[in-house]
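Residue numbers (mature numbering (1 follows the signal peptide of the UniProt record, and there is no 0)): -15 to -1, 1 to 241. Glycine included, C-beta positions come from ideal geometry on N, C-alpha and C. To keep things clear, I will list the structure first and then write my remarks on it.
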């Protein structure tokens, strides 16, 4: 099940297993008054295709607000502002993604769709710019104006084709690593240069199109969240691993 809530708590969206999306309006009034939830209205009828992401953008200067719905094959948008008329969701683009690989970008009001070949920014009516970043992705998060992607766990080896993995292996084994393509090592050396499963994490700025930070953590990733840096007013992304470790990425920012 996917869930999305507006920053003002006025709207709540829930996605069911069959692809049905329910929309609750005036959700904040129910919270503050203590009465029961209003009857939801179907924002999208179930098609059997799973919903993999939901998100609201903040209202623009004219009060327009949209609900974004991401499935495995499509991105949809639906106007839900005070002046919005009842209608079916509009297809923004046919570039769906897997569960957990879509997230709202609050500073641009666009839905970020993370796929193997790139990050795609989708607006209410058309797909915007894309940022080429190759690699399998299991999750996408947005904190500030940064997009954080997580790759599936792989085994750390000294001859990996990924520089991040090779550097992790170098720290793990306490020795310099050999570049990929070196075939002189024996099977015993290859076994000794094999470490635990690690996940790669990248912090990207899709607006300026650069990688702000990348690294690797031991094990899988359970969650990524922003938290204050000690003795500072800045925030930094923190990675919680499946092994119970908390890793802070090597960058920080201040909220505007």
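My output table needs one value for residue i: the three-state DSSP class, helix, strand or coil.
i           : result
residue 72  : coil
residue 1   : coil
residue -9  : coil
residue 209 : strand
residue 86  : coil
residue 168 : Caution applies to residue 168, whose pLDDT of 37 falls short of 50 and renders its modelled position unreliable; the model cannot decide the point.
residue 136 : coil
residue 217 : coil
residue 77  : strand
residue 130 : coil
residue 65  : coil
According to DSSP, which residues form a beta bridge with residue i?
i           : result
residue 28  : Beta-bridge pairing links residue 28 to no other residue.
residue 40  : 53
residue 22  : Per DSSP, none; premise fails for residue 22.
residue 190 : 195
residue 200 : 186
residue 46  : None, per the DSSP bridge assignment.
Just reading off the alpha helix (DSSP H) that residue i is part of, what are its end residues?
i          : result
residue 18 : 12 to 18
Locate the beta strand (DSSP E) running through residue i, then write down its first and last residues.
i           : result
residue 115 : 112 to 117
residue 226 : 220 to 226
residue -15 : Neither: residue -15 is in no beta strand (DSSP E) and is coded neither H nor E.
residue 232 : 231 to 233
Does the distance from the CB of residue i to the CB of residue j come in under 8 Å?
i           : j           : result
residue 188 : residue 197 : yes
residue 61  : residue 29  : yes
residue 249 : residue 88  : Past the edges of the chain, shown from -15 to 241, lies residue 249, and the structure says nothing about it.
residue 139 : residue 183 : yes
residue 33  : residue -14 : no
Consider the Cβ of residue i: report whether some Cβ of chain C lies at a distance smaller than 8 Å.
i          : result
residue 71 : Of the protein chains in the structure, only one exists, and it is not chain C.
Check whether the region 9 to 26 and the region 46 to 53 are in contact - that is, three or more C-beta pairs closer than 8 Å.
no
Three or more C-beta pairs below 8 Å linking the region 1 to 19 and the region 112 to 129:
No contact exists between the region 1 to 19 and the region 112 to 129.
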